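In our numbering, the protein residues as written are 5 to 62.
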């Protein structure tokens, strides 16, 4: 179920952010971003992924 997958990825992202676990945040964001791209939500996926990638690239 795509809806449940989206909820699970969002929850994983929220937990990673709360724990300041950037590696886990990147994995969750990548999974959620892939799902959003498959749904045609390109701008949302790009914005979310740029935010976390910018943290890594400084």
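The C-beta atom is built at its ideal place from N, Cα and C for all residues, glycine as well.
For clarity, every value in this text was computed on a predicted model and none was experimentally measured.
| query | How would you label residue 37, buried or exposed, when you count the other beta carbons within 10 angstroms and need 16 or more for buried? | reply | buried
Report the residue from 60, 34, 28 whose alpha carbon sits nearest the alpha carbon of residue 48. 34
Given a cut-off of 8 angstroms on the beta-carbon distance, is the pair residue 32 and residue 16 in contact? yes
Mind checking which residues open and close the alpha helix (DSSP H) that includes residue 14?
6 to 22
Buried or exposed, going by whether 16 or more other CB atoms sit within 10 Å of the CB of residue 13?
buried
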